[in-house]
Amino acid sequence: EPASAPVPKGTRKVAKKVAKKIKKVKKVKKEVAEKSEPAPAPAPAPAPAKVEPVNGDNPWAELAPSSLKRKTVKDLSAYLAARGVTVTGSDGKPPKKADLLSAVASL
-3 EPASAPVPKG TRKVAKKVAK KIKKVKKVKK EVAEKSEPAP APAPAPAPAK
47 VEPVNGDNPW AELAPSSLKR KTVKDLSAYL AARGVTVTGS DGKPPKKADL
97 LSAVASL
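With the working numbering as the guide, the letters of the sequence shown map in order to residues -3 to 103.
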């Protein structure tokens, strides 16, 4: 038979301590799982209050300039088209975002 490698001194003690700690952790986890109750469902968020726009024809006029700048060219074009404003330039190309923003502001 092949000779087994010598076990370093103190290894068995460490192994026993580790096994004991693992057993203790498992016991605590089991106790916590038994005691814990399911968390209560969060209360539904209240509905946001409706704010009537001052200018009913142009609700985007109330947006802050930074909010208006975050709108995409597609959104701006659709908004202007819905209000009967032409959204193409004289050369047939789509207008620049700056032109669309000024058109929304001038409504």
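Beta carbons are placed, not taken as given, at the ideal position from N, Cα and C, and that holds for glycine. Here the structure is a predicted model, which is why all the values come from computation and not from measurement.
- Distance from Ser73 to Leu96 at the Cβ level is roughly 6 angstroms; contact confirmed, criterion being Cβ atoms closer than 8 angstroms.
- Closest option to Asn54, judged by alpha-carbon separation, among Pro40, Ala77, Arg8 and Pro38: Ala77.
- Where Val14 is concerned, the enclosing alpha helix (DSSP H) starts and stops at Thr7 to Lys31.
- Under the 10 Å beta carbon count, Pro91 is surrounded by 16 or more other beta carbons and is classified as buried.
- Taking a C-beta distance under 7 angstroms as the contact criterion, Trp56 and Val100 qualify as a contact pair.
- Ranking Val69, Val10, Arg79 and Ser98 by CA distance to the CA of Lys89 puts Val69 first.
- The C-alpha of Lys17 is placed about 20 angstroms away from the C-alpha of Glu30.
- Excluding sequence positions up to five before and after Val83, its CB lies within less than 6 angstroms of the CB of Ser73, Leu76 and Ala77, all in the same chain and listed in chain order.
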